[in-house]
Each structure stands twice: as structure tokens, then as C-alpha cells.
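A short worksheet on the structure shown next.
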Amino acid sequence: MLELTNIRKAFNQGRHNEYWALDGIELAIPEKQVTALRGPSGSGKTTLLTILGCLARPTEGRVRLKGEDISGLPERFLTEIRRQTFGFIFQQFNLVRGMSAIDNVILSAYPTGRPRKDLLLKAESLLAGVDLGHRRDAKVEWLSGGEQQRVAICRALINDPELLIADEPTANLDTRLSKEFLAILERLADSGRTIVLTSHDPMVVESDVVDFIVSLRDGKIVDEK
Amino acid sequence: MNTWIEKQRHLIDFTLASLARRKGKNLGLLFIYTLLVFVLASVALYTHALRTEAQKVLAGTPEIVLQRLVAGRHDLIPPGYIEQIGRIRGVQKKEGRLWGYYYDSVVKANYTFMAPRDLKIERGEIIVGPALERSRGLAAGNGISFRSYSGELHTFIIADVLPQNSELVSADLVLMHEADFRAFFKYPEGHFTDVAMSVANPQEIKNVAIKLMDSLPDSRPILRDEVLRTYASIFDWREGIMLALLSAAILAFGIFAWEKAAGLSAEEKREIGILKAIGWETGDVIKMKFWEGLLISLTAFFAGYVAAYLHVFHFDAILFESVLKGWAVLYPRFTLPPHIDGLQVATLFFFTVFPYTAAVLVPIWRAATTDPDTVMRG
Ligand SMILES: Nc1ncnc2c1ncn2[C@@H]1O[C@H](COP(=O)(O)OP(=O)(O)OP(=O)(O)O)[C@@H](O)[C@H]1O
Ligand SMILES: [Mg+2]
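Sequence lines, in order, name chains A and B. In the numbering used here, each residue carries its 1-based index in the first sequence increased by 20. In the numbering used here, each residue carries its 1-based index in the second sequence increased by 8.
Written out as C-alpha cells, the structure is:
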């Protein structure tokens, strides 16, 4: 589904603190599978995710989505691809404070121009699907960590993305909530979505849900299985 | 097309929600902004109305007013004097005027008594300016007594009150019948206070004045240009103060806009990052912020302008009163006729709404064009 060829990513290129966070990544993300990226801190997992999710551009190399080279596309198109193809679940959840759970969920659907009524219906069923139906009008800052994450998951799903990207999804959760997350993940995987995530957590990486494990070290892939 | 409209609706929805989310901050902003527009608009409306008013005053002033000086003091124009003027070429019209000042010790104000030629007033009746109506609480039909300088009491019935529209000239007027005037001020028949003259060719005014002084050595001609200069200096002074006020307000506005341009809170930046990461285009973010800025500045503009209009035209620019005290002695109260100038509104609009919106958009644009990957890193 997604193919990376010879990806290199430099920060502060050309300056004295130039740093190559990714160095020659060759990776194919298989469709309808769960891929987990792991590696020590600073190994480039988040950087790789931003490139996979079109949030950032590689310094060198090509990104192909369904066989189509998208590395050279202008920002406008990348945004559109991002919106249509990807759903993001961030480690910090990144919800907009001061807004209700349901408003946060439909936020990423605003630019599509779908009627608000439809969006609300959709968001409601998504929230109900993660047991948050009763909290739909609560301001997100009053929700617990686990609830916030589930709101973030619903937001990632509102545009029906084919590919879900999650960075350290369980880093802010305790064991019980991590288990719940894995259950949701399993459901999403069963519904035929492609999922890429990063994690330090052996419970996530080694769970049955994960189909492929990619290990990174110093910006290079050291192991795939 | 439908999706486009729906999209704008979403944007506006979100804008309103995001304004409401930072209610305190936005209300504070709106308040300061409105206040600045209010000061700017008040100054603009005030000076403009003042100038229009001054023009009206001057339009009614004769080209030359001839006074007679005896032993350095202003004296009456005796009979036969006006006929002598007739022989000077270039003088088109000349008429003796009857007017005098009267000090009302009750309200400590000066009135101008006048016997107009072109207005028919019955004997024993007067027509008064609005200042008198206000200060003495009088209305048409009431009686009022004035004590003449020789001590006798003269009683008049108020037949009418002059309209409000040009108070600058008429506020303190008391118009009466010629015979009443002569009796009150003890002017013998045929005598006048001064002579108003019109000169056909404005280039000749100076010459006429010189000829007047030659043939009537005790005369003192006052030219409209001189009056104009006196008025101009008074207006200039007031406008100068207004200008100082204006520059202060503009400066404050500049600082305000600059502050806005420089400061984008971490929270706002984070929000922009989130929106971009979850699929908002740079343009969507900018549009949303544009709506936000426009909404604030339009609200502030209209609120400020309406408040300024009421302030200047309905409350007699009461907040400027202390600044303009000097004038207030001359005219106890000073109501300007309402006047709105399209160009002025446009200028004001341009100098407030435009820079603010621009100032808001610059940092937003910078934040909105940065890569969205920053949100991935807390
Ligand atoms: N904007 C940036 N400017 C400079 N260096 C950066 C930037 N972003 C990341 N880096 C560096 O790139 C390297 C890889 O960072 P990255 O966040 O991808 O690591 P990670 O594997 O996700 O680590 P962690 O497990 O701690 O999240 C790190 O050494 C980091 O310091
Ligand atoms: Mg990371």
C-alpha cells in the first residue's frame, strides 16, 4: 500500500547541527495489516511515521501510495491525500481544548464540506462504538486519559481512512487501558484497515494483533519480521 | 457548490466556537478595539462637523462690516453715514445692522440681541436661540424680562425658538422688532450698530476698504478675510487638539495591532498544528482566522462608530468638553448637526479594520505554512 524507497531525512540540513534522523529506509507497508515500528528512543520512529503519513517530506527518496509517487506533490494535494487516506492518533492525543468530544471528532471532516447533520450522526455512532456515547458533549479537557484517547481514535476514523497511523498510542495509558486499546485496535484491523504504529510497549508490539514488526536503530531498519 | 457553502458554514461555526472558547480574551480585545474606534471616530466626526459648521458661518458673513470709531471706541453709525458710502464704487449692497450684547446675570451668559431686517417679528415678541431655551428653561409662549442698561425692565413674549441646525451661529441669539431694540438699547431713530456691505468683485474688497477709510476717516472696515482668519485660528486650535488625540489613538492602535501581529499564543499555535495534521489545508486555517479577525474588527468598528456618533451628535461630545473648555465659555452648549461623510467612514474603516485583519493574518500565515509534523512531538 505504502512504499518507501531509500528514504533519508535530515534536520537542520547544511548547518553545524545537521542530523540525519533517517538514513536509507526501504519499507513496504502491507495493506490491511498491522505494522509496528519499534526501536530505542531517538531511533527515528516518529520521524518515519511523519513521512509515512505525509506530515513531512523526506529529504531524499520516494514515497509511493498505491503505486503512485507522491513525494513531489505540492502541499495542497498532500493535505487532501492526508485527509482522505490517513487517520492519525497522536501520543499527546492533540484534542482541541474547550470543545466538546463530538465537536473534536468532526473537526477533521470540516474541510470535506459534508453536511453537519451527517457528520454528527457519524460521530455519534463512532463515539458509541468506543463506549463514549454518554460523554459526547463533555469538554475534552474534563475527560480521562483513556477517554481522550478514544475521542482521538474516533476523530481519526471520521473520514473513513484506509490507513491509521498511531504514535506511541499506549504511552499515556495504564495496563488496563492499554488492553482496551488493543481490543479496539483488533476491531479496526478486522474491519480491514491498514495500521502503522510505533511503540516501546512489548505488550503492544508482541500482541497477536500486530502482523509485522520493524525494528529501527539510528535511522536504519535493522530487523523485519 | 453546495459543499463549498457547507464548508464555509463549518468554518464559520468553528470560528464562532473558537471565539467563544476564549471568551475573556476576545471580549477584552473587542473592548479595547471598540474604544479605539470610538475615539478615532469621535475625533473624525467632530472635526468634520466643526469644519462644515465653520463654512456655514462664513457663508453668511458679509464681505465688509463697517464700524465707526470715536475716540478709539466703537460708536453708533449716525444718519446720513450710509448714504455717503453709496458714492464709493464697487459696493453692491449696504445696510445698517442693529445688534448688541446683553449679559444675563441670572445664568451668567452673553446673548446677542438683534433686530433682523428679513424676519418679521411683532412688537413685544422675541425669537430666541436654543441656548436660551435651554439655559432659562423657556418655551414659545413664555414671557421673559430683561433689564436694560439704563435700568428699566422690558418684558417680551417668546414667539418662537430657532431651529437647532446651526447652533454655532444662532444659539445665543435674541431676535426682536426694530422699535423694541431701539427702545432697549436707547438707539435714536436712524442710528445703527454697524453697516454690512457686499462687494461684487472679491478682488476689489481691499480697494473698497481703503477708499472707505479715505472718505470716512472715523470708519473701521472689517473684512471677511479677517473674520475668517479669526475663526480659522479658533478652529485650528480645536483641530490641533483633536489631531493630537487622533495621533495618540492611532499610536495606540498601532501598538495594539503590532502586539497582535507578534503574539500567537502557544495554545493557538498548537491548535493550528492540530488542524493541519488532521487534514485542514493552510487555506482553511487562514480563512478561519480571517473570519475570526473580520468578525472582531467589524463588530468593534460598528460598535465604536455608532457610539462615537451618539457621543458627538447626541451627547454634544461631552467627553471632549474638558479639552475644549475655552470654547464652551463662548457657547454654553454646542450641538453639532449630525453629519456623516461616506469618504470619512471609508477612511476610518480602512485604517482600522484593514490593518487589524492584516496584523492578525501575518502570524497565522506563518504558523499555518509550517509543516504539520511538529504536532507529532508534543
Ligand atoms: N525538528 C527536529 N529538529 C532536529 N532534530 C530532530 C527534530 N525532530 C527529531 N529530531 C531528532 O531526530 C531523531 C529521531 O527522532 P524521533 O522523534 O523520530 O525518534 P523516536 O524514535 O520517535 O524517539 P522516541 O522513542 O523517543 O519517540 C532524534 O535524535 C531527534 O532528536
Ligand atoms: Mg517518537
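Quick reminder that beta carbons are idealized off the backbone N, C-alpha and C, glycines included.
Does the beta-carbon distance from residue i to residue j come in below 8 Å?
| i | j | result |
| --- | --- | --- |
| arginine 28 of chain A | aspartate 43 of chain A | yes |
| valine 45 of chain B | leucine 254 of chain B | no |
| leucine 38 of chain B | threonine 307 of chain B | yes |
| leucine 217 of chain A | proline 189 of chain A | yes |
| phenylalanine 164 of chain B | isoleucine 134 of chain B | yes |
| isoleucine 185 of chain A | phenylalanine 106 of chain A | yes |
| valine 203 of chain B | valine 216 of chain B | no |
| arginine 102 of chain A | glycine 287 of chain B | yes |
| glycine 137 of chain B | aspartate 180 of chain B | yes |
| leucine 303 of chain B | valine 293 of chain B | no |
| leucine 193 of chain A | glycine 165 of chain A | yes |
| glutamate 54 of chain B | phenylalanine 328 of chain B | Sequence check: residue 54 of chain B is tyrosine here, not glutamate. Cβ distance < 8 Å, so tyrosine 54 of chain B and phenylalanine 328 of chain B count as in contact. |
| arginine 77 of chain A | asparagine 124 of chain A | no |
| leucine 85 of chain A | leucine 22 of chain A | yes |
| alanine 209 of chain A | valine 54 of chain A | yes |
| threonine 360 of chain B | phenylalanine 261 of chain B | yes |
Identify the contact partners of residue i in chain A, using a Cβ-Cβ distance below 9 Å as the criterion.
| i | result |
| --- | --- |
| aspartate 324 of chain B | Chain A residues near aspartate 324 of chain B: none, gap ~44 Å exceeds 9 Å. |
| arginine 29 of chain B | Val116, Arg117, Gly118 and Met119 |
Quick one: list the residues of chain B neighbouring residue i, beta-carbon separation under 7 Å, in chain order.
| i | result |
| --- | --- |
| glutamate 95 of chain A | Thr290 |
| arginine 103 of chain A | Gly287 |
| tyrosine 39 of chain A | Within 7 Å Cβ-Cβ: nothing; tyrosine 39 of chain A doesn't reach chain B, min ~14 Å. |
| phenylalanine 108 of chain A | Ala285 and Ile286 |
| arginine 35 of chain A | Those do not exist, as arginine 35 of chain A stays about 17 Å from chain B at its closest Cβ, beyond 7 Å. |
| alanine 76 of chain A | Asp379 and Asp381 |
| threonine 99 of chain A | Gly287 and Glu289 |
For the candidate residues the options, whose alpha-carbon lies nearest to that of residue i?
| i | options | result |
| --- | --- | --- |
| glycine 369 of chain B | B:Phe22, B:Gly88, B:Lys295 and B:Glu186 | The residue asked about is misnamed: residue 369 of chain B is leucine in this sequence, not glycine. With distances taken between Cα atoms, leucine 369 of chain B lies closest to B:Lys295. |
| threonine 195 of chain A | A:Glu226, A:Ile49 and A:Asp221 | A:Asp221 |
| tyrosine 89 of chain B | B:Val361, B:Pro225, B:Asp233 and B:Gly68 | B:Pro225 |
| glycine 248 of chain B | B:Leu58, B:Glu234 and B:Lys33 | B:Leu58 |
| valine 171 of chain A | A:Ser128, A:Lys86 and A:Gly212 | A:Ser128 |
| alanine 123 of chain B | B:Thr377, B:Glu275, B:Lys116 and B:Tyr109 | B:Tyr109 |
| alanine 25 of chain B | A:Pro50, A:Phe113 and A:Arg117 | A:Arg117 |
| alanine 56 of chain A | A:Phe232, A:Leu205, A:Gln111 and A:Leu75 | A:Phe232 |
| glycine 151 of chain B | B:Glu197, B:Arg29 and B:Asp168 | B:Asp168 |
Rounded C-beta distance between residue i and residue j? I'm assuming under 8 Å.
| i | j | result |
| --- | --- | --- |
| alanine 158 of chain A | serine 219 of chain A | With a Cβ gap of about 28 Å, alanine 158 of chain A and serine 219 of chain A do not count as contacting. |
| histidine 347 of chain B | threonine 60 of chain B | 6 Å |
| arginine 131 of chain B | alanine 187 of chain B | 6 Å |
| leucine 231 of chain B | isoleucine 72 of chain B | 6 Å |
| isoleucine 122 of chain A | leucine 141 of chain A | So it is not a contact: roughly 11 Å between Cβ atoms. |
| threonine 132 of chain A | glycine 81 of chain A | That pair is no contact at about 30 Å. |
| tyrosine 130 of chain A | phenylalanine 22 of chain B | 6 Å |
| phenylalanine 121 of chain B | phenylalanine 200 of chain B | With a Cβ gap of about 14 Å, phenylalanine 121 of chain B and phenylalanine 200 of chain B do not count as contacting. |
| alanine 257 of chain B | valine 47 of chain B | 4 Å |
| asparagine 5 of chain B | leucine 43 of chain B | The requested residue 5 of chain B does not occur in the structure, where chain B is confined to residues 9 to 386. |
| leucine 146 of chain A | isoleucine 178 of chain A | 7 Å |
Residues of chain A with a CB under 7 Å from the CB of residue i: which are they?
| i | result |
| --- | --- |
| threonine 11 of chain B | Gly133 |
| isoleucine 282 of chain B | Asn114 and Val116 |
| glutamate 279 of chain B | Val116 |
| aspartate 180 of chain B | Neighbours of aspartate 180 of chain B on chain A: none; closest Cβ ~60 Å, over 7 Å. |
How far does the beta strand (DSSP E) with residue i in it extend, from its first residue to its last?
| i | result |
| --- | --- |
| histidine 162 of chain B | 161–169 |
| leucine 57 of chain A | 54–58 |
| proline 229 of chain B | 227–231 |
| asparagine 118 of chain B | 117–122 |
| methionine 205 of chain B | 202–207 |
| leucine 47 of chain A | 39–49 |
| methionine 184 of chain B | 181–184 |
| valine 216 of chain A | 214–218 |
| alanine 30 of chain A | 22–31 |
| lysine 101 of chain B | 99–105 |
What residues from chain B crowd round residue i, counting only those whose CB sits closer than 9 Å?
| i | result |
| --- | --- |
| threonine 214 of chain A | Simply none; closest approach about 17 Å. |
| arginine 175 of chain A | Ile286 |
Along the chain, where does the alpha helix (DSSP H) that runs through residue i open and close?
| i | result |
| --- | --- |
| threonine 67 of chain A | 65–72 |
| leucine 197 of chain A | 195–210 |
| threonine 307 of chain B | 290–321 |
| valine 368 of chain B | 350–377 |
| aspartate 123 of chain A | 121–126 |
Chain A partners of residue i, CB-CB under 8 Å?
| i | result |
| --- | --- |
| glutamate 14 of chain B | Gly133, Arg134, Pro135 and Arg136 |
| leucine 19 of chain B | Tyr130 |
| phenylalanine 22 of chain B | Leu127 and Tyr130 |
What in chain B is Cβ-close to residue i, meaning under 8 Å?
| i | result |
| --- | --- |
| aspartate 123 of chain A | Ala25 |
| threonine 218 of chain A | Those do not exist, as threonine 218 of chain A stays about 10 Å from chain B at its closest Cβ, beyond 8 Å. |
| asparagine 26 of chain A | Correct list: empty, because the minimum Cβ distance to chain B is about 20 Å. |
| asparagine 179 of chain A | Gly287 |
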